[in-house]
Amino acid sequence: MLQSEALDILKMGKNVFLTGPAGSGKTHVVNEYVKYLKSMAVDVAVTASTGIAATHIGGMTIHSWSGLGIRDRLTDYDIDDLMQRQYLYKRFERTKVLIIDEVSMLHHYRLDLIEWICRQMKRSDRPFGGMQVVLCGDFFQLPPVTRGDIVESEFAYKAEVWGSSKLTICYLSEQHRQKDNIYLSILNQIRENKVTEKTIDLLKSRLNAQDNLGTGTTKLYTHNIDVDVINNRHLDLIKVAGKSYVMSHKGSPNLTATLRKSCLSPETLVLKVGARVMFTKNHMDGGFVNGTLGVVKDFNQFGDPVVRTTTGMLFTVLPGSWKIEEEGKVKAEITQLPLRLAWAITVHKSQGMSLDAMEVDLSNAFVRGMGYVALSRVRSLGGMKLLGFNEMSLQVDPEVLERDLEFRRMSDSARQDLAEMSRAEIAEIQKGYLKKIEPSSAERQLKNKAKLRQKEKQENQIAKKSTVEITSDMIAKEMPLAEIADARKVKPETIVSHIEDMVMADKLEKTNRCPDITYLKRELKRSEIDDILSAFAKAGTTTLSPVYNLLAKQKKKPSYLKIRLARLFLDK
């Protein structure tokens, strides 16, 4: 099916599974449909199964959007709790179209849980509460990552709602990533489970190829242990002192052990200026997600790493926390910098990437489809250096292959149905669906006014001062931290981040823009400041986790906010 045909079907209001080989333009079709809906003032939720996939379509994870989080099951209490959250209720109320990208990495039971949440929040028995749903992905990609405590896990097409949603299959057939016809043929053979001896010889010709692919070439491995070896080797080549960050934890030992095992950040992280890193936690508002790549450029006066991402954005990275909650109570929590070294990354983390050059080792591939995912990341055969491959790496799941043939047949049938309709008929159906979901004149006026207010606010902000400068002015007036946060409509932690950024900017640019913050000592008790500063001295570091752990052993548990606030006065 062509992209234009899939777009026509989407505009007709059909529930759709949009699929096709890597590079066939699935994301492009989604983006075009989103652009169309927004031009008509229709509220659309753009989500994905993973953080890195969400960035490709400018959305957020479906887990975060729906309120599901990391849960593997839902109770009536959980649903009641979600329905009490006004922002969630309003989100569902206004959403007419729900898009879920990379659905291949979503467990079947999670898709059913998300659909149940949709029905409850929309107060409708129709699939997904009556919203148009667009599932996008390719089941030849890697299956969902399964934790040890989850035994039964299947692809999303095994979900109950897959059948009840009456999905129209749109199987894209064009190719927009690989322009190398020989390489495209190799990928198609792997996908169709018809690899020839000639193809194997072509792949062998790339074993340890001597082509100069550049020093920044991404290295892909199948196992975390191989990735760790390569990353530590590269880190050792940087001949400067490193800084260590140790994970802290609290709560149930069994649950914290589960969190530590599943967390992508290591328990002990060593960083140096020049280290290539990958973020391990989603922070959509902050501009990075799980999978964002960057380089450590510096450390601020508190020892926090300053990372420049591949998109050029600069972040002072602070510890993040991972929690397990039950009925609103935190049962276990771990805290660590949301980073890991990234000269090498796993094949799992490469999904959705498009690379000009890569080195890949598939000699230890352990899941069918791993080779296809890795090899389809690069644009041409000449851009790949193969370090090894095994028989498993060129295999695909027979069940997926069988289901793929069915998807192709269903897509051909949908395409034929579309071809039998005149342009006038198609336009009439699209117009009818749009009339159903587009806002009324009154709603449109309200939306336009809200957009205008937002635009004016942004223009005023740009014309006047940056967000940090506004915070600086408030600090100069010696406003209390809570009042600044309330006036700015942000958390106090964000204000402390602004102060840290100003201090760091003064250091890097040799300026003196940060106003006097001495008055902020009043935010803490004298005993708290003494305890925290004493803990920093004993720990011999300016990082947060060791100080938090030291204070916890002394039966003193100030919040991370208080520790960060006290840290501002280490040299004062």
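The UniProt record's numbering puts the first residue of the sequence shown at 1, with every later residue one more than the last. Here a beta-carbon is modelled for each residue, glycine too, at the ideal position from N, C-alpha and C.
Start and end residues, beta strand (DSSP E) containing residue i
i      : result
HIS249 : 248-251
GLY294 : 293-299
LEU271 : 268-271
TYR171 : 168-171
MET110 : Note on residue identity: the sequence assigns Arg, not Met, to residue 110. It is not in any beta strand (DSSP E) - ARG110 instead sits in the alpha helix (DSSP H) that spans 108-122.
VAL307 : 305-309
VAL373 : Premise fails: VAL373 lies in the alpha helix (DSSP H), 370-375, not in any beta strand (DSSP E).
Cβ separation of residue i and residue j, assumed to be a contact under 8 Å, to the nearest whole Å
i      : j      : result
ILE100 : LEU135 : 5 Å
GLU528 : LYS562 : 6 Å
ILE334 : SER248 : 7 Å
GLU160 : ASP112 : 5 Å
THR570 : THR542 : Here residue 570 turns out to be Leu, not Thr, going by the sequence shown. Indeed, because the Cβ distance is near 7 Å, the residues count as touching under 8 Å.
ASP304 : VAL273 : The pair is not a contact, with the Cβ atoms about 13 Å apart (cut-off 8 Å).
GLY371 : PHE389 : 6 Å
LEU264 : ARG340 : 6 Å
MET278 : ILE345 : 6 Å
LEU18  : VAL34  : Wrong, their Cβ atoms sit about 12 Å apart, outside the cutoff.
LEU106 : SER49  : 4 Å
Which listed residue (the options) has its alpha carbon closest to that of residue i
i      : options                        : result
ASP138 : ASP125, LEU167, SER165, VAL103 : VAL103
ARG191 : ILE499, ARG488, GLU428, PRO398 : PRO398
ASN364 : SER321, ASN224, ASN181         : ASN224
GLN430 : ASP78, LYS26, MET40, SER24     : MET40
ARG522 : GLY303, THR541, LEU481         : LEU481
TRP322 : GLU267, PHE92, ILE186, LEU18   : GLU267
LEU172 : LEU387, ARG379, GLY25          : GLY25
GLU478 : VAL296, ASP516, ARG126, LEU341 : ASP516
SER472 : ASP501, LEU337, THR222         : ASP501
VAL195 : ALA342, GLU391, ASP72          : GLU391
SER350 : ARG91, LYS219, SER64           : LYS219
VAL295 : ASP530, PRO319, HIS234         : HIS234
ILE186 : THR61, ALA48, VAL373           : VAL373
ALA332 : TYR87, LYS250, PRO144, LYS538  : LYS250
VAL503 : THR316, LYS198, PRO439         : THR316
SER411 : GLY20, MET12, LYS11            : GLY20
VAL229 : PRO144, LEU203, MET131, ALA342 : ALA342
GLN395 : GLN301, TYR36, GLN141          : GLN141
GLU428 : VAL360, MET12, VAL46, GLN3     : MET12
SER380 : GLU359, THR256, ASP226         : GLU359
ILE238 : LEU203, ARG308, ARG276, GLU402 : ARG276
LEU565 : LYS553, LEU533, ALA537         : LEU533
VAL330 : LEU255, VAL270, LYS122         : LEU255
N- and C-terminal bounds of the alpha helix (DSSP H) containing residue i
i      : result
LYS538 : 526-539
VAL468 : 467-476
PHE92  : 86-94
PRO546 : 544-553
PHE279 : Here PHE279 belongs to no alpha helix (DSSP H); instead the beta strand (DSSP E) covers 276-279.
SER411 : 398-419
GLU154 : Per DSSP, GLU154 belongs to no alpha helix (DSSP H) and is neither H nor E.
GLU428 : 423-437
ASP236 : 224-237
LYS198 : 197-204
Identity of the residues DSSP links to residue i by a beta bridge
i      : result
GLU359 : LYS219, LYS385
ALA48  : THR61, ASP101
TRP343 : Answer is none; TRP343 lacks a bridge partner.
VAL16  : VAL134, THR168
GLY25  : Paired residue(s): none; GLY25 is not in a bridge.
GLU333 : LYS250, LYS323
THR316 : VAL306
SER244 : VAL270
Neighbourhood of residue i by C-beta, 7 Å cutoff - its chain only, sequence neighbours within 5 removed
i      : result
ILE9   : VAL16, THR168, CYS170, ALA414, LEU418
LYS557 : LEU551
ASP43  : ARG94, THR95, LYS96
LEU434 : MET40
LYS158 : HIS108
THR310 : LEU293, GLY294
LYS14  : THR168
LEU362 : THR222, MET370, GLY371, ALA374, GLY388, PHE389, ASN390, SER393
GLU32  : LEU7
Same chain, Cβ closer than 6 Å to residue i, neighbours up to 5 away in sequence not counted
i      : result
ILE79  : GLN120
SER66  : ILE114, ILE117
HIS498 : VAL468, THR471
MET474 : ILE484
ALA539 : PRO546, VAL547, LEU550
GLY320 : LYS281, PRO338
Contact test: residue i Cβ vs the ligand SAM heavy atom, cutoff 7 Å
i      : result
VAL496 : No copy of the ligand SAM appears in this structure; indeed no ligand is present at all.
is_contact[residue i, chain D] using C-beta, thresh 8 Å
i      : result
GLU102 : Of the chains in the structure shown, none is chain D; there is only one protein chain.
8 Å CB neighbourhood of residue i in its chain, flanking five on each side removed
i    : result
GLU5 : CYS170, ARG415, LEU418
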